[in-house]
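The numbering of the sequence shown is this note's numbering, which starts it at 7 and goes up by one.
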Amino acid sequence: MNQTFPKYPKALGRLSTDFNIKWRSLFHDWENSVIGSTNTLSNKQIWNKIAIYISNSKRKEKFKSEEFLQENMLMSDRRDTNDKFDRSSLKSNASVYSQYSLRSNRELHTKLQNFNQKIDHIKDKTVSLQNDKMLSQSETCSNKEVLYDNLKNGSHLLDMFKFRKDATESLLNKFSGDHENGLDIRRKSSSGVTLDYVPSFGITQLEQQDLISIKDYLMEAFRDQHHPLGVLNSKISFCFYTSYGCWKVKPTSILSSQAMKEWEMISKRIYFLIRKLFPALPVESDVCDGEIISHQSLLYPILLSEGIYSTLFVLYASKCSQSDETYRQRTYTCDKKSNKDLISFLRIESNLLPMIRSNQFENAILCLKQVKEQYCPRKMLNQIENTFKLMDEAKCEVLGKSYILNADNIMPLTIFLIIRAGIPHLGAELLLLEDLMGSDFEPVMLGFAGYCFATVKATYQHILSDKFFQD
7 MNQTFPKYPK ALGRLSTDFN IKWRSLFHDW ENSVIGSTNT LSNKQIWNKI AIYISNSKRK
67 EKFKSEEFLQ ENMLMSDRRD TNDKFDRSSL KSNASVYSQY SLRSNRELHT KLQNFNQKID
127 HIKDKTVSLQ NDKMLSQSET CSNKEVLYDN LKNGSHLLDM FKFRKDATES LLNKFSGDHE
187 NGLDIRRKSS SGVTLDYVPS FGITQLEQQD LISIKDYLME AFRDQHHPLG VLNSKISFCF
247 YTSYGCWKVK PTSILSSQAM KEWEMISKRI YFLIRKLFPA LPVESDVCDG EIISHQSLLY
307 PILLSEGIYS TLFVLYASKC SQSDETYRQR TYTCDKKSNK DLISFLRIES NLLPMIRSNQ
367 FENAILCLKQ VKEQYCPRKM LNQIENTFKL MDEAKCEVLG KSYILNADNI MPLTIFLIIR
427 AGIPHLGAEL LLLEDLMGSD FEPVMLGFAG YCFATVKATY QHILSDKFFQ D
């Protein structure tokens, strides 16, 4: 009876679909729609195919917008004076037009009837007074004033009705004009930067300026809805979110490794397509002017949008939920302490107190807070590196450049930074950063950025240990 059952069956994962088979149809259809079924095209022919694809996509959108505009213009021209408003316009304008137009007509009709009755009464009275020769000048003047007032009121009502009618027509004309202007503005904004040309960089050689031009081109291409790479990016983002980030899928930790492997395969496959456009790029990875060039460094700052990174982060947060909960409770308890109590708790040396009170150290805390706002692993690593640079500037400003911080001083200061920064899922952030770097992680760890990352990770492990609250 004393049997232990695993949380997941041992056969879980053996029947999973191969990543290449899962995404093969999407990439195959994209290549057929852009390049074609043949694989013997030269680089110039491929760029011509892309330019034709962009031109056709823009032409289709322009045709749709112009057709929509022509239909609206024809509908507005068919309106005559007898049938100006159709059923839809009557429903939409009933609350605007009928409330005062019908009411004004009734009031005008009633007042005109009263006006005619008064005129008839005045005529009868005038005839009788003329026969009796009792009409005085004052009465004539008063009757003329009454007649003039009534005529004035009647003409005022007629002018008011005409003014309201003209105002309604001007509002309708203004609405149709604004709609046409809105279509023109949307058409201009959607065009963006012109990308239907054959670039001259990254074809035969790869220098620093060529690499910058390639990054700028890819940044615009993956965001353009008319470019084939922009279409591919939108399809991949939707399919990846549907696979791992949809609300029907529970974010379990067992899916984190599978999602990361799948995303790395997608990035490599896109990089293989980009190498057809820019043959000067290295096959695997290479160093150009001290910068590592690979599919992670080239594509992750562009492809890792908020949606894809959030999908991966939710899976990693589920994987590190227990350790992050312990870390969050302990940092929350320490964050309640004042600076004096926290410094005493961490046993920071007294000569470092002016360094903690300096403005550069406060900037280091703000810089570390921005790690959770980044989506690219390189940018996250740069934020950690900049944090330690600001801490070193605070040390040089207060203690001088000759003073050296040893490991016994750096660890408490780093704990102080992490507590005040308040990053809730630091374990998930560090683990996701390490996995996203992939093969580029080992070369980076040899420099100053690797030292900063290792220090933050060691500090996180120390907060989780039982020695953290020991005296």
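From the three backbone atoms N, C-alpha and C, an ideal C-beta is built for every residue, glycine too.
None of the values given here were measured: they were computed from a predicted structure.
Return the residue from the list the options that minimises the CA-CA distance to residue i.
| i | options | result |
| --- | --- | --- |
| Ser259 | Gly208, Ser219, Ser327 | Ser327 |
| Gln232 | Thr200, Asn26, Asn357, Leu32 | Residue 232 is actually His in this sequence, not Gln. Taking only the C-alpha atoms, the option nearest His232 is Thr200. |
| Asn365 | Ser356, Asp398, Val377 | Asp398 |
| Tyr277 | Thr339, Phe33, Gly313 | Phe33 |
| Tyr457 | Thr393, Leu309, Lys282 | Thr393 |
| Asn38 | Asp24, Lys50, Tyr59 | Tyr59 |
| Leu238 | Leu352, Phe69, Arg30 | Arg30 |
What distance in whole Å lies between the Cβ atoms of residue j and residue i, which are believed to be in contact at a cut-off of 8 Å?
| i | j | result |
| --- | --- | --- |
| Thr465 | Ile424 | 6 Å |
| Thr210 | Ala286 | 6 Å |
| Phe284 | Ile242 | Actually they are not in contact, since the Cβ atoms of Phe284 and Ile242 sit about 20 Å apart, beyond 8 Å. |
| Leu305 | Ser262 | Actually they do not touch by this definition, with Cβ atoms about 20 Å apart. |
| Cys382 | Leu310 | 6 Å |
| Met361 | Val404 | 5 Å |
| Leu419 | Ile354 | 7 Å |
| Phe367 | Ala400 | 4 Å |
| Ile314 | Phe246 | 6 Å |
| Asp446 | Ile218 | Asp446 to Ile218, Cβ: 19 Å. No contact. |
Which of the three DSSP states, helix, strand or coil, is assigned to residue i?
| i | result |
| --- | --- |
| Glu448 | helix |
| Ile299 | strand |
| Asp472 | helix |
| Asp292 | strand |
| Thr10 | coil |
| Ser243 | helix |
| Arg353 | coil |
| Cys458 | helix |
| Ser206 | coil |
| Arg384 | helix |
| Ala286 | coil |
| Tyr250 | helix |
| Asn45 | coil |
| Gln231 | coil |
| Ala464 | helix |
| Lys407 | coil |
| Leu310 | coil |
Considering residue i, what are the terminal residues of the alpha helix (DSSP H) in which it resides?
| i | result |
| --- | --- |
| Asn365 | 365 to 375 |
| Lys267 | 260 to 283 |
| Glu213 | Neither: Glu213 is in no alpha helix (DSSP H) and is coded neither H nor E. |
| Arg30 | 25 to 40 |
| Ile416 | 413 to 427 |
| Leu480 | The structure shown does not extend to residue 480, since the chain is modelled only from 7 through 477, so no value can be given for it. |
| Ser337 | It is worth fixing the name first, because residue 337 is Thr in this sequence and not Ser. Residues 327 to 341. |
| Leu201 | Where Leu201 is concerned, there is no enclosing alpha helix (DSSP H), given that its DSSP letter is neither H nor E. |
| Leu359 | 359 to 362 |
Excluding the 5 residues preceding and the 5 following residue i in the sequence, name in chain order all residues of the same chain whose CB lies nearer than 7 Å to its CB.
| i | result |
| --- | --- |
| Ile41 | Leu47, Ile52, Lys55 |
| Gly188 | Note that Gly188 scores a pLDDT of 38, beneath 50, so its modelled location is shaky; the value from the coordinates is reported in the next line. Correct list: empty, nothing qualifies. |
| Asp165 | Caution applies to Asp165, whose pLDDT of 45 falls short of 50 and renders its modelled position unreliable; the value that the coordinates give is listed next. Contacts found: none. |
| Phe454 | Glu391 |
| Tyr250 | Leu261, Ala265, Thr317, Leu321 |
| His301 | Ser273, Lys274, Tyr277 |
With a CB to CB cut of under 6 Å and the five nearest residues on each side skipped, what residues in its chain are close to residue i?
| i | result |
| --- | --- |
| Lys463 | Leu436 |
| Thr337 | Ile425 |
| Asp341 | Ile425 |
| Ile469 | Tyr333, Arg336 |
| Pro307 | Cys382 |
| Lys375 | Ala427 |
| Val204 | Trp53 |
| Tyr154 | Model confidence at Tyr154 stands at a pLDDT of 39, short of 50, so the residue's coordinates are unreliable; what they give is reported in the following sentence. Excluding residues within five positions, none has a Cβ falling inside 6 Å. |
Does any residue of chain C have a CB that is nearer than 9 Å to the CB of residue i?
| i | result |
| --- | --- |
| Asn388 | Here there is only one protein chain, and chain C is not present. |
Between residue i and the rest of its own chain, which residues show a CB-CB distance below 8 Å, the 5 nearest in sequence each way excluded?
| i | result |
| --- | --- |
| Gln380 | Met386, Gln389 |
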